[in-house]
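**Q** In my numbering, the protein residues as written are 3 to 495. All residues carry an ideal CB built from backbone N, CA and C; glycine is no exception. Note that the coordinates shown come from a computational prediction; the quantities given were computed from them, not determined experimentally.
1. Compare the beta carbon distance of residue 144 and residue 83 with 8 Å and say whether it is the shorter of the two.
2. Are residue 365 and residue 385 close, meaning C-beta to C-beta below 8 Å?
3. The beta strand (DSSP E) that contains residue 471, what's its start and end?
4. The beta strand (DSSP E) that contains residue 383, what's its start and end?
5. Using CA coordinates, which residue listed in 185, 158 and 102 is at the minimum distance from residue 126?
6. Short of 7 Å in beta carbon distance, which residues of its chain neighbour residue 422, apart from the five on each side in sequence? Order them along the chain.
7. Between residue 471 and residue 414, how many whole angstroms is the CB-CB distance? I'm expecting something under 8 Å.
8. I think residue 93 touches residue 53, with their Cβ atoms under 8 Å apart; what is that distance to the nearest whole Å?
9. Tell me whether residue 316 sits in a helix, a strand or coil according to DSSP, three-state version.
10. In whole angstroms, what separates the C-alpha of residue 137 from that of residue 109?
11. Out of 372, 323 and 320, which one is the CA nearest neighbour of residue 341?
12. Alpha carbon to alpha carbon, how far is residue 293 from residue 286? Give it in angstroms, no decimals.
13. Could you give the distance in angstroms between the alpha-carbon of residue 494 and the alpha-carbon of residue 396?
14. Leaving out five residues before and five after residue 308 in sequence, what residues of the same chain have Cβ atoms less than 8 Å from its Cβ?
15. Between the alpha carbons of residue 147 and residue 37, how many angstroms are there, rounded?
16. Compare the Cα-Cα distances from residue 427 to each of 420, 444 and 419 and report the closest residue.
17. Please give me, in chain order, every unbroken run of the alpha helix (DSSP H) with length at least 4 that falls completely inside the stretch 330-357.
18. In this structure, does DSSP put residue 457 in helix, strand or coil?
19. Alpha carbon to alpha carbon, how far is residue 370 from residue 335? Give it in angstroms, no decimals.
20. Considering only the alpha carbon of each residue, which of 410, 429 and 377 lies closest to residue 455?
21. For residue 458 and residue 399, I'd like the C-alpha separation in whole angstroms.
22. Compute every distance between the C-beta of residue 467 and the non-hydrogen atoms of the ligand COA, then say whether any falls below 7 Å.
23. If we call anything under 8 Å between Cβ atoms a contact, is residue 461 one with residue 474?
24. Suppose you measure from the CA of residue 153 to the CA of residue 95; what does that come to, to the nearest Å?
25. CB-CB under 7 Å to residue 60, same chain, minus the five flanking residues each way: which ones, in chain order?
26. What did DSSP end up calling residue 87 once you bin it into helix, strand or coil?
27. Taking only three categories from DSSP, how would you classify residue 40?
28. What are the start and end residues of the beta strand (DSSP E) that includes residue 100?
29. DSSP on residue 359, reduced to helix/strand/coil?
30. Quick check on the burial criterion: 16 or more other C-beta atoms within 10 angstroms. Buried or exposed for residue 245?
31. Using the C-alpha atoms, what's the distance from residue 478 back to residue 357?
32. Any Cβ of chain C within less than 8 Å of the Cβ of residue 394?
33. When burial is assigned at 16 or more other CB atoms within 10 Å of the CB, is residue 149 buried or exposed?
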């Protein structure tokens, strides 16, 4: 359970990381595409500049003739150079594309070269970029070479600034984007925590919170409580959320099944006394008016069935309040041994058909004394019901290892091994006919178990058929007060 809670508290980590990484790579990809576009645009720009400059040179040659190549320093100042070629070499622009180039250079062959200086640093590789147009001028092949020193310096400066901006933006975006993703995923985290809280039954949500949670799960209704969320292919935190929801659905499904069974069993139990009451009312209607004996029999039976119905309804209301967590628990310090002596004396006066004994030692507890007495009374009443007349019933109170125990041991009929795991289920009876004969409702042990668990305790049962049953009501022991507590002597009747 602790691991699940930690998983809920760290919800969003793996998904935030994955989304952050994906978005970061997407941002880097965008920057890469931007850089590619920048480089392509720069290449096109340099190509257009080169074509225009070459066209101007050709126009000047056509107008003034070919200059002396040895004295063409005026061209070098403009980043231009005319060289003699042995042959016309280079790629030729396809004819259908030549119309987009200047008329003077359409038929020229083109070359792009990058002379490498081994001693030049890496960032100066592009400084020697050359764009050549080779064409025949005055029946001799010449190459017009265009250099871009100034343009390449500007482009490199702009590209470096762009890279620095991209790097800063990418680094800053990591933290900002992670916070944004966490804020977006916060509802999932809250839903997971609320669902986990409900699964652990540690708290109750408000109506608004329940409606929000129900809106998330509106496709799952009472007719489809067996539906679950598929966990395959989901992220860790979504798996945690889905697991918590599935666990909650399991508990809801089980509660719904138990509720349906509870309603069915309660209806059956109420049907029996109602049928008996109707029968005796019909008997009174027919013969009770003039027959005193039938009248008295019907009145006694009606009183008994009404008492049974009252007992059943009270137990049902008790369990309903317990399930809804509306029952108030009033804690106080008291000695379980004194409570056992009180029950012992009360039972001694009421029941003379069994042999009772008491052995109690001080066992201080902090609990609701009224509820604890009710639970202990249930255990004692069960022992009386299922122990034949003349049998022995022993009450014991002990305190050891931080646990206070109220134990009832009888010499009754015992409980079959197959029935032991179910005796705390509501309306469960090992033998229905015997239960009806003793007037049981099948709710007593369920109530006793609820009281024990509500106080942080539990019930222990040891039984053997035809030998007897020992059942203990166990609560956490409370540190005794300085005042002395009277030790009760072993008593027997």
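**A** A quick look at the data gives this:
1. no
2. no
3. 470-478
4. From DSSP, residue 383 is part of no beta strand (DSSP E) but of the alpha helix (DSSP H) over 371-387.
5. 158
6. 463 and 465
7. 6 Å
8. The Cβ separation is near 14 Å, so there is no contact.
9. helix
10. 7 Å
11. 372
12. 9 Å
13. At residue 494 the pLDDT is 47, less than 50, meaning the model places this residue with poor confidence and gives no usable figure here.
14. 275 and 279
15. 27 Å
16. 444
17. 338-352
18. coil
19. 9 Å
20. 377
21. 18 Å
22. The model on display carries no ligand, and the ligand COA is accordingly not part of it.
23. yes
24. 25 Å
25. 106 and 107
26. coil
27. helix
28. Premise fails: residue 100 is in no beta strand (DSSP E) and is neither H nor E.
29. strand
30. buried
31. 30 Å
32. The structure shown contains no chain C; it is built from a single protein chain.
33. buried
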